[in-house]
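Residue numbers (numbering that gives the first Met the number 0), protein chains in the order written: chain A, 0 to 403; chain B, 0 to 481.
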Amino acid sequence: MPVHISKLCDYYEKSQWPLGRELDARMKSAEKAVTDYDKSIVTVMTMGDLAKPRKTYVLARGHYASPKKEEEISPGIPTVLPPLPEGAPAKRLGLAKWIADDDHPLTARVAVNRYWSMIFGAGLVTTVSDFGTRGSLPSHPGLLDWLARDFADSGWNVKRMFKQILLSATYRQQSAATTEQLHRDPENVFLSHAPRLRLQGEFIRDNALAVSGVLNGKIGGPSVKPYQPPRIWNEVALNGGLFYKPDKGAKLYRRSMYTYWKRSAPMPNMMAFDAPTREKCVIQRPLTNTPMQALVTMNDVQFVEAARVFAQRVLQKGGADFDSQLDYAFMLTTARPADELRKRVFRNLYDSQLKEFSADATRAGELLKFGETKRDESLNLAQHAAWTTVASAIFNLDEVITKE
Amino acid sequence: MIPLFNSDHLLDRRKFLNLGARGMGALGLASLAQPGLLNAAGRHGGALGDPHFTPKAKRVIYLFFSGGPSHIDMYDYKPGIRKVHGIELPESIRKGQRITGMTSGQKSFPCVAPMFEFKQHGQSGAYYSEILPHIASLADEMSLIRSVNTEAINHDPAITYINTGTQQLGHPSMGAWLNYGLGSPSDNLPGYIVMISKGRGGSQALYSRLWGSGFLPSKHQGVKFRSSGEPVLFLNNPPGINRNSRRAILDSIKAVNEAKFAETRDAEIQTRIAQYEMAFRMQASVPELTDLKSEPEHVFDLYGKDSKKPGKYAYNCILARRMLESGVPFVQLFHRGWDQHGNCPRDVRYQCEDVDQPTAALVKDLKQRGMLEDTLVVCGGEFGRTIYSQGALTKDNHGRDHHGRCFSMWMAGGGIRKGYVHGETDDFCYNIVRDPVHINDLNATVLQCLGLDHERFTYRYQGLDQRLTSVQGARVVNELLA
Chain A
0 MPVHISKLCD YYEKSQWPLG RELDARMKSA EKAVTDYDKS IVTVMTMGDL
50 AKPRKTYVLA RGHYASPKKE EEISPGIPTV LPPLPEGAPA KRLGLAKWIA
100 DDDHPLTARV AVNRYWSMIF GAGLVTTVSD FGTRGSLPSH PGLLDWLARD
150 FADSGWNVKR MFKQILLSAT YRQQSAATTE QLHRDPENVF LSHAPRLRLQ
200 GEFIRDNALA VSGVLNGKIG GPSVKPYQPP RIWNEVALNG GLFYKPDKGA
250 KLYRRSMYTY WKRSAPMPNM MAFDAPTREK CVIQRPLTNT PMQALVTMND
300 VQFVEAARVF AQRVLQKGGA DFDSQLDYAF MLTTARPADE LRKRVFRNLY
350 DSQLKEFSAD ATRAGELLKF GETKRDESLN LAQHAAWTTV ASAIFNLDEV
400 ITKE
Chain B
0 MIPLFNSDHL LDRRKFLNLG ARGMGALGLA SLAQPGLLNA AGRHGGALGD
50 PHFTPKAKRV IYLFFSGGPS HIDMYDYKPG IRKVHGIELP ESIRKGQRIT
100 GMTSGQKSFP CVAPMFEFKQ HGQSGAYYSE ILPHIASLAD EMSLIRSVNT
150 EAINHDPAIT YINTGTQQLG HPSMGAWLNY GLGSPSDNLP GYIVMISKGR
200 GGSQALYSRL WGSGFLPSKH QGVKFRSSGE PVLFLNNPPG INRNSRRAIL
250 DSIKAVNEAK FAETRDAEIQ TRIAQYEMAF RMQASVPELT DLKSEPEHVF
300 DLYGKDSKKP GKYAYNCILA RRMLESGVPF VQLFHRGWDQ HGNCPRDVRY
350 QCEDVDQPTA ALVKDLKQRG MLEDTLVVCG GEFGRTIYSQ GALTKDNHGR
400 DHHGRCFSMW MAGGGIRKGY VHGETDDFCY NIVRDPVHIN DLNATVLQCL
450 GLDHERFTYR YQGLDQRLTS VQGARVVNEL LA
């Protein structure tokens with residue numbers, strides 16, 4: 000059929016012939032149903048074993064391009080460790096069964112030791128990633144065994160294990176150490192007092208968002224792009240062409256675990272607090288203490304904005320006088336009221352800044368416009384700005400960024 | 000539970016001796032470092048305490064040309080090179096070697112001699128390209144290495160390899176290693192600073208891992224200084240907070256932290272108090288450092304036409320000199336745009352125009368100030384480029400693909416032999432025929448100049464005593480040392 004005839008037929012069927020029109024509409028809607036259904040299915044990558052496994056060889060000096068063809072190797076378990084469970088195939092399924100065996104001597108011990116180190120800062124075995132001959136011996140072998148047995152017997156219930164440790168008398172001790180404790184147990188190996196550990200970067204950010212009341216508690220969903228200084232991405236991107244575009248509104252205040260992560264240019268405020276780059280598995284994060292961290296919590300818009308919103312909350316709900324406001328602020332950030340010293344120190348700061356901001360409304364206005372959240376205009380400008388400096392100082396206190 | 004910790008795990012004599020042989024690196028030496036006390040390298044806060052032996056260089060300026068500068072068009076000249084122009088790359092040279100996917104499908108591999116003139120310079124008589132007149136004038140000051148090599152042939156693995164000692168991700172960069180091992184002499188500036196500039200050519204991506212701390216604590220990572228806005232991220236006070244307000248806020252933080260220390264006796268609090276003070280000092284010292292107003296006009300003349308333009312390589316070179324002067328022990332400049340797959344003659348010339356005068360000026364400037372003798376200058380990229388043309392070879396144009404089997408770098412200053420050319424490539428600048436220098440050998444040599452034995456400078460991670468120079472072995476190139 001010549002082309003123009005076929006076009007004409009097509010036109011007639013789809014627009015002039017009533018039954019043709021109806022069929023065409025039904026066809027389109029059926030096709031749409033199929034594509035909609037396809038789109039609703041989330042694609043997940045999986046791995047499978049090859050029907051015929053590829054031959055694997057010892058690599059000369061470990062170099063991938065230098066296989067020793069005379070030394071073919073096959074999967075197996077080092078002889079110092081227990082063998083594969085009976086009947087388990089020598090492939091990934093067998094390995095998974097072997098690792099998750101209730102009686103495996105390492106899995107439960109390594110896992111509970113890791114949970115312990117997350118809570119106490121150091122594992123019962125201090126080399127959390129090395130239980131081999133070069134690793135250190137446990138400080139409390141009986142306790143490690145008991146926890147490991149308990150964990151495996153509970154059906155590997157992680158939440159229960161955390162509760163088990165957190166509700167212990169050992170964890171619930173005071174973190175302030177006496178001179179005698181410091182003398183006799185300087186590294187706290189014998190757990191004479193509770194640990195004092197700086198919070199991880201994500202926790203510090205989430206905590207500031209939470210106490211100020213701006214935290215967006217939404218669970219799940221795609222990653223978000225909170226505030227980031229300009230030019231972090233394009234400075235390293237191919238031909239400088241990729242730009243970070245921060246989100247607007249509620250997405251700026253999601254928990255840090257939802258932050259979009261670009262490995263070649265990771266979030267600088269989290270990197271300052273030892274967040275891993277996600278390029279390599281990190282078992283134990285360092286807890287460094289640097290001037291860069293001070294600059295982040297003092298100057299990053301995320302923290303300054305949280306401080307002024309926190310100040311607003313304190314002014315709205317913390318009572319009429321400064322002392323009760325400060326108590327309210329300390330209850331939210333440290334779970335205890337402010338003592339005399341803190342009241343005196345922050346009253347001084349508040350008074351001095353109130354004087355400055357009263358004399359310079361422009362400065363106060365600038366500070367209270369930093370970040371996206373609109374301030375409550377009914378609050379006195381200078382008071383709000385002065386309280387923001389107090390709030391920012393509180394966010395930077397050791398006792399606020401430290402778990403004690 | 001099945002017993003795990005039996006007597007086999009107790010440290011027996013043999014294991015104990017092994018531990019000793021591994022050197023101190025494995026034992027978590029941070030506890031030996033004494034903040035405040037200077038080590039033999041004039042620094043403090045390093046995990047090693049003192050370097051292994053007396054260092055020849057106290058500081059390093061690393062000029063990294065990212066993208067793969069063409070050694071053929073810049074440094075690796077031989078009078079016979081013109082003869083290969085236009086001929087097909089012989090199989091006797093290529094030997095079936097792997098090349099990148101960008102040219103592996105080419106039907107023809109026509110060799111291209113450099114489209115630039117070369118002349119001999121200085122007492123050493125080394126050849127330099129006409130597009131590097133200023134660097135050429137340093138011929139008698141430096142060691143030119145024409146036999147650097149790497150296994151990597153693509154940017155990401157190659158640039159990670161030379162900067163961290165391995166193609167795998169997650170290892171510390173050279174600057175982070177040094178920051179960790181030796182510490183810094185500076186109290187109010189970071190021990191490792193990075194700056195980035197971009198040329199006119201296509202720029203390959205960089206990655207923060209190139210100055211990252213890998214498995215070392217993150218405080219050892221390079222701090223990136225920036226040409227506009229805040230010189231260091233988060234350095235500026237928020238709008239409305241001036242320096243007086245900042246001081247008042249800091250004083251209140253300090254008073255409460257001191258009370259907390261008295262209550263808990265937690266030494267971390269004292270460190271935190273000191274770090275907040277350091278942050279305050281940085282807010283003053285960094286802008287002072289990055290403000291070039293106090294530089295006299297003749298300095299700008301020395302560094303050339305771009306020297307007053309923030310963000311340019313020349314500007315960064317002046318900043319680098321100021322940082323070295325202020326005690327920063329490791330400064331690394333990344334200049335992008337060296338990936339000449341096409342338009343090689345034009346774009347290599349452009350790139351050289353950007354870097355030639357400022358690079359030479361930096362060396363001369365350091366020399367004038369008496370700093371060159373203990374400052375190590377390292378200059379080069381992640382690999383070189385092919386002798387054959389990528390794409391068509393015309394009368395005045397061609398491209399070059401990546402080439403890792405040989406490329407050129409140079410070093411000068413602290414501990415480095417003067418007026419010396421090391422290594423030799425074949426007639427096609429394709430394979431090394433004499434004195435190869437693997438990038439890990441080069442890094443071992445850098446550590447040597449800083450007083451470090453690269454084999455003893457280790458950190459235990461994932462069951463290995465990791466080194467900057469990898470665990471596969473590297474050698475210090477003694478011929479390069481003064």
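Virtual Cβ for every residue (Gly too), placed ideally from N, Cα, C.
All figures in this text were calculated on a predicted structure; none of them were measured in a lab.
Exercise for review: Flag this pair as yes or no: are the beta carbons of N288 of chain A and T263 of chain B separated by less than 9 Å?
Suggested key: On the first sequence, position 289 is the one that residue 288 of chain A refers to. On the second sequence, position 264 is the one that residue 263 of chain B refers to. Not in contact: N288 of chain A and T263 of chain B (Cβ atoms no closer than 9 Å).
Check your understanding: Should I161 of chain B be flagged as near chain A, meaning a C-beta pair shorter than 9 Å?
Key -> Here the question's residue 161 of chain B lines up with position 162 in the second sequence. So, not an interface residue.
Practice item. Quick one: list the residues of chain B neighbouring S191 of chain A, beta-carbon separation under 8 Å, in chain order. Key: Counted from its first residue, the first sequence places residue 191 of chain A at position 192. For S191 of chain A, no chain B residue has a C-beta closer than 8 Å to its own C-beta; the minimum C-beta separation is roughly 12 Å.
Review point. Start and end of the beta strand (DSSP E) containing E395 of chain A?
Key: Position 396 of the first sequence, counting from 1, holds the residue named residue 395 of chain A. According to the sequence as given, residue 395 of chain A is Asn; it is not Glu. Taken as a continuous stretch (DSSP letters only), N395 of chain A belongs to no beta strand (DSSP E), as it is neither H nor E.
Practice item. Would you kindly work out how many angstroms separate the C-alpha atoms of R108 of chain A and T424 of chain B, rounded to a whole number? Key: If you number the first sequence from 1, residue 108 of chain A lands on position 109. If you number the second sequence from 1, residue 424 of chain B lands on position 425. So the alpha carbons of these two residues sit roughly 56 Å apart.
Exercise for review: Step through the CB atoms of chain A and report whether any lies within less than 9 Å of the CB of Y314 of chain B.
Suggested key: In the second sequence, residue 314 of chain B corresponds to position 315, counting from 1. Cβ-Cβ to chain A under 9 Å: no for Y314 of chain B.
Check your understanding: Which residues share a DSSP beta bridge with F333 of chain B?
Key -> As a working mapping, residue 333 of chain B is identified with position 334 in the second sequence. Paired residue(s): B:F63, B:I195.
Point to revise | Continuous alpha helix (DSSP H) assignments of at least 4 residues falling wholly in the segment 251-295 of chain A | key: Unbroken alpha helix (DSSP H) stretches of 4 residues or longer found wholly inside the segment 251-295 of chain A: 267-270, given in chain order.
Review point. What does M281 of chain B touch in chain A if you count any residue whose Cβ is under 7 Å from its own?
Key: As a first step, residue 281 of chain B is located in the second sequence; it is residue number 282 there, counting from the start. Ordered by position in chain A, the residues that pass the 7 Å Cβ test against M281 of chain B are P290.
Exercise for review: Please report the Cβ distance between Y302 of chain B and A360 of chain B, rounded to the nearest whole angstrom; I am assuming they are in contact, meaning their Cβ atoms lie under 8 Å.
Suggested key: Along the second sequence, one-based indexing puts residue 302 of chain B at 303. Along the second sequence, one-based indexing puts residue 360 of chain B at 361. The beta-carbon separation of Y302 of chain B and A360 of chain B, rounded to 4 Å, stays under the 8 Å limit for a contact.
Review point. Which of helix, strand or coil does DSSP assign to Q105 of chain B?
Key: Within the second sequence, the letter at position 106 stands for residue 105 of chain B. Residue state, collapsed to three classes: coil.
Exercise for review: Under 7 Å Cβ to Cβ from R312 of chain A, same chain only, skipping five residues before and after it: list those, please.
Suggested key: Start at 1 with the first residue of the first sequence, and residue 312 of chain A comes out as number 313. So the qualifying residues of the chain are S211, G212.
Practice item. Could you tell me whether the Cβ atoms of D186 of chain B and M277 of chain B are closer together than 9 Å? Key: Sequence index remark: in the second sequence, residue 186 of chain B carries index 187 (1-based). Sequence index remark: in the second sequence, residue 277 of chain B carries index 278 (1-based). Going by C-beta atoms, D186 of chain B is nearer than 9 Å to M277 of chain B.
Check your understanding: Closest Cβ-Cβ distance between Q339 of chain B and chain A: below 9 Å?
Key -> Taking the second sequence and counting its residues from 1, the one referred to as residue 339 of chain B is at position 340. For Q339 of chain B, the answer is no, since every Cβ of chain A falls outside 9 Å of its Cβ.
Check your understanding: Which residues in the same chain have their Cβ closer than 6 Å to the Cβ of G403 of chain B, if we skip the five residues on either side of it in sequence?
Key -> As a first step, residue 403 of chain B is located in the second sequence; it is residue number 404 there, counting from the start. Hits under 6 Å: T149, A151, I152, F382.
Point to revise | Straight-line gap, P68 of chain B to I158 of chain B (C-alpha atoms, nearest Å) | key: Locating residue 68 of chain B in the second sequence gives position 69, counting from the first residue. Locating residue 158 of chain B in the second sequence gives position 159, counting from the first residue. Straight-line measurement puts the Cα of I158 of chain B at about 12 Å from the Cα of P68 of chain B.
**Study point:** Nearest residue (CA-CA) to S500 of chain B, options A:E355, A:R335, A:N268, A:R374
**Key:** Residue 500 of chain B lies beyond the residue range present for chain B, which begins at 0 and ends at 481; the question has no answer from this structure.
**Study point:** V470 of chain B (DSSP reduced to helix, strand or coil)
**Key:** Residue numbering aside, residue 470 of chain B sits at position 471 when the second sequence is read from its first letter. The DSSP-derived three-state label of V470 of chain B is coil.
**Study point:** Separation of H297 of chain B from V420 of chain B, as counted between CA atoms
**Key:** In the second sequence, counting from the first residue as 1, residue 420 of chain B sits at position 421. In the second sequence, counting from the first residue as 1, residue 297 of chain B sits at position 298. In this structure, the alpha-carbon of V420 of chain B lies about 32 Å from that of H297 of chain B.
Practice item. Could you give the DSSP three-state label for Y206 of chain B: helix, strand or coil? Key: Looking up residue 206 of chain B in the second sequence gives position 207. Here Y206 of chain B sits in coil by DSSP.
Review point. Can you tell me whether F309 of chain A is buried or exposed, with buried defined as 16 or more other CB within 10 angstroms of its CB?
Key: Along the first sequence, one-based indexing puts residue 309 of chain A at 310. Using a 10 angstroms sphere on the CB of F309 of chain A, the tally of other CB atoms reaches 16 or more, which defines it as buried.
**Study point:** Test: V327 of chain B CB closer than 9 Å to a CB of chain A
**Key:** Working through the second sequence from its first residue, we reach residue 327 of chain B at position 328. Answer no: the Cβ-Cβ gap between V327 of chain B and chain A never drops below 9 Å.
Practice item. Within 10 angstroms of the Cβ of I393 of chain A, are there 16 or more other Cβ atoms? Answer buried if so, exposed if not. Key: Taking the first residue of the first sequence as position 1, residue 393 of chain A is located at position 394. So I393 of chain A counts as buried.
Point to revise | Through-space distance from T374 of chain B to L365 of chain B, alpha-carbon basis | key: Position 366 of the second sequence holds residue 365 of chain B. Position 375 of the second sequence holds residue 374 of chain B. Cα to Cα, the separation comes out at about 8 Å.
**Study point:** Cutoff 9 Å: E69 of chain A Cβ touching any chain B Cβ
**Key:** For the purposes of this step, residue 69 of chain A is identified with residue 70 of the first sequence, where counting begins at 1. With 9 Å as the cut-off, E69 of chain A does not count as an interface residue toward chain B.
Check your understanding: From which residue to which residue does the beta strand (DSSP E) around N206 of chain A run?
Key -> Position 207 of the first sequence holds residue 206 of chain A. N206 of chain A -> not in any beta strand (DSSP E); alpha helix (DSSP H) instead, spanning 200-211.
Point to revise | C-alpha gap between G418 of chain B and H84 of chain B, whole angstroms | key: Numbered from 1 along the second sequence, position 419 holds the residue referred to as residue 418 of chain B. Numbered from 1 along the second sequence, position 85 holds the residue referred to as residue 84 of chain B. C-alpha separation (whole angstroms): 29 Å.
Check your understanding: Three-state secondary structure (DSSP) at Q389 of chain B?
Key -> Numbered from its first residue, the second sequence carries residue 389 of chain B at position 390. If DSSP states are grouped into helix, strand and coil, Q389 of chain B belongs with the strands.
Check your understanding: Terminal residues of the continuous alpha helix (DSSP H) containing N112 of chain A?
Key -> Looking up residue 112 of chain A in the first sequence gives position 113. For N112 of chain A, the enclosing alpha helix (DSSP H) stretches over residues 106-119.
Check your understanding: chain A beta carbons: is any one of them nearer than 9 Å to that of S202 of chain B?
Key -> Within the second sequence, numbered from 1, the residue matching residue 202 of chain B stands at position 203. So, interface residue.
Check your understanding: How many angstroms separate the CA atom of T169 of chain A from the CA atom of Q315 of chain A?
Key -> Residue numbering aside, residue 169 of chain A sits at position 170 when the first sequence is read from its first letter. Residue numbering aside, residue 315 of chain A sits at position 316 when the first sequence is read from its first letter. Approximately 39 Å between the Cα atoms of the pair.
Review point. Can the beta-carbon of V147 of chain B be found less than 9 Å from the beta-carbon of L446 of chain B?
Key: Mapped onto the second sequence, residue 147 of chain B falls at position 148. Mapped onto the second sequence, residue 446 of chain B falls at position 447. Cβ distance not < 9 Å, so V147 of chain B and L446 of chain B don't count as in contact.
Exercise for review: Taking C-beta pairs closer than 8 Å, name the residues in chain A that T263 of chain B reaches, listed in chain order.
Suggested key: What you label residue 263 of chain B is simply residue 264 of the second sequence in a count that begins at 1. Within 8 Å Cβ-Cβ: S174, A175, A176, R195, E403.
**Study point:** Reduced DSSP category for F369 of chain A - H, G, I as helix; E, B as strand; rest coil
**Key:** Mapped onto the first sequence, residue 369 of chain A falls at position 370. Coil.
**Study point:** Secondary structure of R93 of chain B, DSSP reduced to three states
**Key:** For the purposes of this step, residue 93 of chain B is identified with residue 94 of the second sequence, where counting begins at 1. Correct three-state label for R93 of chain B: helix.
Check your understanding: If you draw a straight line from the alpha carbon of E234 of chain A to that of F63 of chain B, how long is it in whole angstroms?
Key -> Taking the first sequence and counting its residues from 1, one reaches residue 234 of chain A at position 235. Taking the second sequence and counting its residues from 1, one reaches residue 63 of chain B at position 64. Approximately 15 Å, taken between the alpha carbons.
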